[in-house]
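Going by this note's numbering, the sequence shown opens with residue 934, and the numbers climb by one from there. Idealized CB from N, CA, C, for every residue including glycine.
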Amino acid sequence: MGVDADVLTEWFDEVGRDLPWREPECTAWGVLVSEIMLQQTPVARVQPIWHEWMARWPVPSALAASSQGEVVRAWGKLGYPRRALRLHAAAAVVAEKHGDIVPSDVDTLLALPGIGAYTARAVAAFAYGKRAPVVDTNVRRVVARAVHGAGDAGPPSNTRDMADVEALLPPDDAPAAKLSAALMELGALVCTARSPRCADCPIYDDCAWQHAGKPAYAGPAKQVQKFAGTDRQVRGLLLDVLRGTEGPVEKARLDLVWDESGQRDRCLDSLLVDGLLEQTGDGLFSLPGEH
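Next comes the structure, spelled out in C-alpha cells:
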C-alpha cells in the first residue's frame, strides 16, 4: 500500500496546474515569494498579487529597498500581514549576505528571518530541484490515507511527518522534487479533505484507505478557524484604513471601524507590537516608516 512515485509524477505532468511560480524561468526569489503568500491563502487570491510583486520587486534587494509600509500596503488583502514583514526582512538578508540570490541549501534558508521548516524545504525542492521532504496539510492528508489507511492526518508531528515523506521520495534529486510537487497537487486537487475525488486518483489501486474501506477520521477534532468577529478581522479592518490613506491618521478614524472599543484597542496594540503600525510623536497612526 502507498504511493507509486512514477505513476504519481506522470499524473502530475499531465494535470498539474500551470502556475507562474512553476515556470522554468521563475527564479528562486519568485518561488520564495509564492510560498510565503500561499501559506493559509488560496492560489486564486495569491496569483494576481504575486504578479504585482514580481513586476515591482523582481529581486530581493528591490523589496529590501522599499519601506515596510510600502510592503504592507502592497500585501493588500492576502491576510496574515506579518508574512509581508517577514518576507521584507528575509529579502534584506538575501540581498546583503547572499548576493541577491535566494540560497539553495535548507540550513541556510532556515537561517533567514521568518523562514520555517516547510518554506525552506519547499524552496530547495521547487526552486532548485533538490530532494527535500516538503510537508504541508495536503501532503499530510495524502500520506495519512494512502500510506496509513486513515481518513485524515492527526495533529502535526514535524519529526514523524518528515520521516513519512522522506521514506516516499526517490533517492535522486530531480525525481524527488517532482514527487514532492505531485503529492501536494494530489492533496489540493483530488485527495481533498471534505469530498475526495477518489475515482480520479492515480494511486487509487494502492491506497491503504481504499483497501481499509475508507474509514472515517477518528482522531482529535480539528479546530475550525472562524473569521467574523475575531481579532484577525478587526486587525484587518484597522490596517485597511491605513492602506487606503497616504500618511498618518488620527485614532478617531480608526475608532470608526469597530464598535467594541476593548477589542478594537487590543487589536490596535497588537498591530503596534507586531510592527505593522507605528504611532507618531503627536499620537497619530501610520504604516511602518510612513511618518
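Quiz prompt | Completely contained alpha helix (DSSP H) runs for the region 1076 to 1160, where each covers 4 or more residues | solution = 1091 to 1101, 1106 to 1122 and 1141 to 1144
Quiz item: Rounded to whole angstroms, how far is the Cβ of VAL1068 from the Cβ of VAL936, which I believe are closer than 8 Å?
Solution: The pair is not a contact, with the Cβ atoms about 14 Å apart (cut-off 8 Å).
Quiz item: Should VAL1056 and GLU968 be called a contact, given that it needs their Cβ atoms to be closer than 8 Å?
Solution: yes
Exercise. Count the other CB atoms, across all protein chains shown, that sit within 10 Å of the CB of LYS1111; report buried if there are 16 or more and exposed otherwise.
Key: buried
Quiz item: Across which residues does DSSP place GLU1211 in a beta bridge pair?
Solution: SER1219
Practice problem: Within its chain, find whatever has a CB closer than 7 Å to the CB of PRO1014; leave out the 5 residues flanking it on each side and keep chain order. | Solution: VAL1005, TRP1008, LEU1172 and LEU1209
Quiz item: Alpha carbon to alpha carbon, what distance is there between LEU1045 and ASP1139?
Solution: 39 Å
Exercise. Under the assumption that LEU1042 contacts ALA1028 (Cβ atoms under 8 Å), give the Cβ distance between them as a whole number of angstroms.
Key: Their Cβ separation, rounded to whole angstroms, is 15 Å, which puts LEU1042 and ALA1028 out of contact at 8 Å.
Quiz item: With contact counted as at least three CB pairs below 8 Å, one residue from each stretch, are the region 1173 to 1184 and the region 1141 to 1150 in contact?
Solution: no
Practice problem: Since I believe LEU941 is in contact with LEU1119 (beta carbons under 8 Å), could you give me their beta-carbon distance rounded to a whole number of angstroms? | Solution: 7 Å
Quiz item: Can we say the region 955 to 971 touches the region 985 to 1000, given the rule of at least three CB pairs closer than 8 Å?
Solution: yes
Quiz prompt | Which listed residue (PRO1088, LEU1011, GLY1214 and ARG1019) has its alpha carbon closest to that of SER1000 | solution = ARG1019
Exercise. Tell me whether the beta-carbon of SER1203 lies closer than 8 Å to the beta-carbon of ARG1165.
Key: no
Quiz item: Thinking C-beta only, is ALA1022 closer than 8 Å to PRO993?
Solution: no
Self-check item: Three-state secondary structure (DSSP) of VAL1206
Solution: helix
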